[in-house]
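Protein chains in written order, with the numbering used here: chain A, 8 to 439; chain B, 8 to 439. Worksheet for the structure shown next.
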């Protein structure tokens, strides 16, 4: 036995194939950028605004929960794999509110609603329950990059479907399915993933009529190959203009096609990591078995804390405040873009109706990607950081556009958003 | 499109092979038994005593954390995949205390300590990072049944190693390795799993000299096939007799062989689901990548709550109280066994020095297994429930003894423990 300094491993690797598939984590890499450049104004971080975090609301809920002996002990004890019945019942009501219907009309059993550690765990569990190595998940391009890692981390393949300003294009979905069928690959298509409201990275929503078409197309293939539509509605509550959209899940009349995944990370607190999925009945057992093996239940404490927030009517006021805050910050960022970049040919951006991001396109010859000239200039000279859009692309035919930027108005305050856009505009002009 | 009642699925299955491997969850099945028989005294539940849950300590910590604006916002915001640096630094000190050494002498970097959702998630991540379908994990038999599900849920194989009252037998470990080598299977042995302190289901600890031998054997094979020793120390703090044992991990001088996994579920609160792993340096990246894809971090709120408990010196007093409570309850259950079963030939039990369980053996012709006569009689006629020991066996050559019972003194109070043992004794006598 020889002594070695930790970190200087000479042992043979012992890793599974799954380990090899687990891609380098983009979120981790972006966080490292942020740590290495603390002086930067961050238009990169997909975090929620720290000033909006529900400190007072959580304090009130914790006080009631921990002041009630029985409620406290329930929260501190083990829960079940599927999560607190108390919270799941409250979430049926909550979901009915978003769908503008009643709990009865939702047409689901409480057991179909399962809690998870953020929505990411539910997305990962659904992928594990459905995707074998070599299977295909169709994804609107660009998309939420963590999901790409989860799909490829299982040895499965993400295949891009074109998207426009109304989300995934239905004609492109049909063409992609036909093309895969022509290649003898239709039987490998097990999943279609969409972020229906204010997606990451573009804050684009899937048009309501497309939601219905998407479900119908998936259903129409189900006698040849069942395809699970995974609807990620992480940003659903962050609409700036009146009311929530009906989900694609609501168009799934026989309840076999769509799994709806939501979270309280964006609309309440990411630190609690409470997400949930509404699953087709035959997915419930498999997903619960997988979660049983992985952690046999997310933190019961957090579930009861959030249940107390909902029960005590502390949630609605909080999320209304959030909408006002983010809406005002969207205006600041969009107005600053108009002020500093409005006259520039080939520089465009989407002004979103909700969510946390402004998606910007610069002329094709500008390299906004990682390691590219614009990114380096922005970070090193102008001290402003963004997420290079190329990270969010699968790429139709593998081509990932390098002239897109994801700009978040989540974290920084109004003054720094305006200043950040001014700096970014200088960097862009210098590249032209 | 046809309307269907939820639950009457006629769709084709869409499931991955992993789903097929995910065994029916024993914990879930036992919970269902408990729900179906609420009248029973439960010597089955592996829960901690609800009366010992740290309500007041948690209330104090929550008050300080949520009363400090900066600390509150950190807890309510996203954390990192590996978990809060604040808590991980505190856990280095905590671990040094258990190992009776200093943080410096631990010889590890903070980055080697990663937080998880309970220890179960860390066990599952380690299995995913290491085990491919067909790979082998050696396990002392009987063992923690959830781990069996996790191993087989990956398509890997659990192979039994004999254990006695000092835990895994080293001669049996060597014989098993030789025998697998003879079958050309040595290259599939990637992991050795041990619960080193007061294991589930027997509350037996691995003798200290065996800990060292175990590490040496794993190291001695590492030029042919690297084997990761996974040391599950979930019950480590629950010793009734003076002081914690040194871990097997402490004998791993080059730091490449053992992953130590601990949790605050047993010694503080299961509802917080805070566990951690101390990993060999080259496992850190792979495990973090896998966790990144699964949930990109456990709940930051809970990590900061527990950090506040540790910082404010609220932990030690709590766990000392726990040891007293469980030690007294062990005495009640063991004394009741002596009173009601002491004269019976072929009925024996282990009086543990820590943990939550008494392990009982009844004569071989008594069927104590699920669906067996004793279990049915105990539940239906005597209204007392236990965990049939056969659930905890892999079985050497697949033979699972059906004359063992796991009796927990975790949940019920002293009176009900005594009454429960009296009822169980009546059921056993009726079977003889």
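Using N, Cα and C, we set each Cβ at its ideal position, and we do this for glycine too.
* Mind listing the chain A neighbours of residue 109 of chain B? Cutoff is C-beta to C-beta under 9 Å, in chain order. => Simply none; closest approach about 16 Å.
* Exposed or buried, which one is residue 207 of chain B when buried takes at least 16 other CB atoms within 10 Å? -> Burial call: buried.
* Asked: Is the shortest distance between the beta-carbon of residue 316 of chain A and the beta-carbons of chain B less than 7 Å?
  -> No - not a single Cβ of chain B is within 7 Å of the one on residue 316 of chain A.
* Measure the C-alpha to C-alpha separation of residue 61 of chain B and residue 413 of chain B and round it to an integer number of angstroms. => When the Cα atoms are used, residue 61 of chain B and residue 413 of chain B turn out to be separated by approximately 26 Å.
* To do: Kindly list the residues whose CB is nearer than 6 Å to the CB of residue 319 of chain A, restricted to its own chain and excluding five residues on each side of it in sequence; keep chain order.
  => The answer is none, since no qualifying residue turns up.
* **Where residue 310 of chain B falls: helix, strand or coil (DSSP)** => Of the three classes helix, strand and coil, the one that applies to residue 310 of chain B here is helix, per DSSP.
* Three-way DSSP call (helix, strand, coil) for residue 134 of chain B in this model -> In the three-state reduction of the DSSP assignment, residue 134 of chain B falls in the helix class, which pools H, G and I.
* chain B contact for residue 302 of chain A (CB, 7 Å cutoff) -> Cβ-Cβ to chain B under 7 Å: yes for residue 302 of chain A.
* To do: Tell me whether the beta-carbon of residue 126 of chain B lies closer than 7 Å to the beta-carbon of residue 292 of chain B.
  => For the pair residue 126 of chain B and residue 292 of chain B, the CB atoms are not nearer than the 7 Å cut-off.
* To do: Using a Cβ cut-off of 7 Å (strictly closer), state whether residue 24 of chain A contacts chain B.
  => Residue 24 of chain A counts as touching chain B.
* **Nearest-angstrom Cα separation, counted from residue 98 of chain B out to residue 321 of chain B** => Rounded to whole angstroms, residue 321 of chain B to residue 98 of chain B spans 14 Å at the Cα level.
* By Cβ distance below 6 Å, which residues in the same chain neighbour residue 173 of chain B in space, the five residues on each side in sequence not counted? -> 214, listed in sequence order.
* Nearest to residue 260 of chain B by CA position, among B:272, B:124, B:243 and B:287, is which residue? -> Between residue 260 of chain B and the set B:272, B:124, B:243 and B:287, the nearest pair of CA atoms involves B:287.
* To do: Keeping to the same chain, check which residues put their C-beta closer than 7 Å to that of residue 316 of chain B; ignore five residues upstream and five downstream.
  => The residues are 64, 68 and 322.
* Of the residues that make up the stretch 127 to 160 of chain A, which ones have a beta carbon closer than 8 Å to any beta carbon in chain B? -> Along the stretch 127 to 160 of chain A, going in chain order, the ones with a CB nearer than 8 Å to a CB of chain B are 127, 128, 131, 135, 136, 137, 138, 139, 142, 153, 156, 157 and 160.
* Asked: Would DSSP call residue 126 of chain B helix, strand or coil?
  -> In the three-state reduction of the DSSP assignment, residue 126 of chain B falls in the helix class, which pools H, G and I.
* **Outcome for residue 383 of chain A when other beta-carbon atoms lying within 10 angstroms are tallied against a minimum of 16** => Within 10 angstroms of the beta-carbon of residue 383 of chain A lie fewer than 16 other beta-carbons, which makes it exposed.
* Minimum Cβ-Cβ distance from residue 306 of chain B to chain A less than 7 Å -> At a cut-off of 7 Å between C-beta atoms, residue 306 of chain B counts as an interface residue with respect to chain A.
* Sort out for me which residues DSSP pairs residue 121 of chain B with in a bridge. => Its beta-bridge partners are B:284.
* To do: Could you check if residue 79 of chain B is buried or exposed, using at least 16 other CB atoms within 10 Å of its CB as the buried criterion?
  => The residue in question, residue 79 of chain B, is buried, as its Cβ has 16 or more Cβ neighbours within 10 Å.
* Asked: By how many angstroms is the C-alpha of residue 240 of chain A removed from the C-alpha of residue 249 of chain A?
  -> Straight-line measurement puts the Cα of residue 240 of chain A at about 17 Å from the Cα of residue 249 of chain A.
* Asked: For residue 415 of chain A, which beta-bridge partners are listed by DSSP?
  -> Partner(s): A:364.
* Asked: Between the C-alpha atoms of residue 137 of chain A and residue 201 of chain A, what's the straight-line distance to the nearest angstrom?
  -> Put simply, the backbone Cα of residue 137 of chain A is about 16 Å away from that of residue 201 of chain A.
* To do: Name, going along the chain, the residues of the stretch 267 to 278 of chain B whose beta-carbon falls closer than 9 Å to a beta-carbon of chain A.
  => The residues in question are 272, 275, 276, 277 and 278.
* Ends of the beta strand (DSSP E) at residue 355 of chain A? -> Secondary structure note for residue 355 of chain A: its beta strand (DSSP E) is the uninterrupted segment 355 to 357.
* Beta carbon proximity, residue 67 of chain B to chain A, threshold 7 Å -> For residue 67 of chain B, no Cβ of chain A is located within less than 7 Å of the residue's own Cβ.
* To do: Can you check DSSP and say which residues form a bridge with residue 174 of chain B?
  => Under DSSP, residue 174 of chain B shares a beta bridge with B:171.
* **Assumed close pair residue 304 of chain B, residue 90 of chain B - CB separation to whole angstroms, cut-off 8 Å** => Their Cβ separation, rounded to whole angstroms, is 7 Å, which keeps residue 304 of chain B and residue 90 of chain B in contact under 8 Å.
* Asked: Is it buried or exposed for residue 442 of chain A, if we count other Cβ within 10 angstroms and need 16 for buried?
  -> Not covered by the structure: residue 442 of chain A. The range shown for chain A is 8 to 439.
* Should residue 155 of chain B be listed as close to the ligand FAD, given that the test is whether its C-beta is under 6 Å from any heavy atom? -> Absence of the ligand FAD from the depicted structure is noted, as is the absence of any ligand whatsoever, leaving it without description.
* Of all the CB atoms in chain A, is at least one closer than 7 Å to the CB of residue 45 of chain B? -> For residue 45 of chain B, the answer is no, since every Cβ of chain A falls outside 7 Å of its Cβ.
* To do: With DSSP collapsed to three states, give me the class of residue 437 of chain A.
  => The answer is helix: DSSP assigns residue 437 of chain A an H, G or I state.
* Asked: Taking the C-alpha atoms as reference points, what is the distance between residue 199 of chain B and residue 143 of chain B?
  -> Each residue's alpha carbon lies about 9 Å from the other.
* **Secondary structure of residue 199 of chain A, DSSP reduced to three states** => For residue 199 of chain A, the three-state secondary structure derived from DSSP is strand.
* Asked: By the criterion of Cβ-Cβ separation under 8 Å, what are the contact partners of residue 73 of chain B in chain A?
  -> Within 8 Å of the CB of residue 73 of chain B, the CB atoms of chain A belong to 62, 65, 66 and 69, in sequence order along the chain.
* Asked: Would a C-beta distance cut-off of 7 Å place residue 48 of chain A and residue 427 of chain A closer than the cut-off?
  -> Between residue 48 of chain A and residue 427 of chain A, the gap from beta carbon to beta carbon is short of 7 Å.
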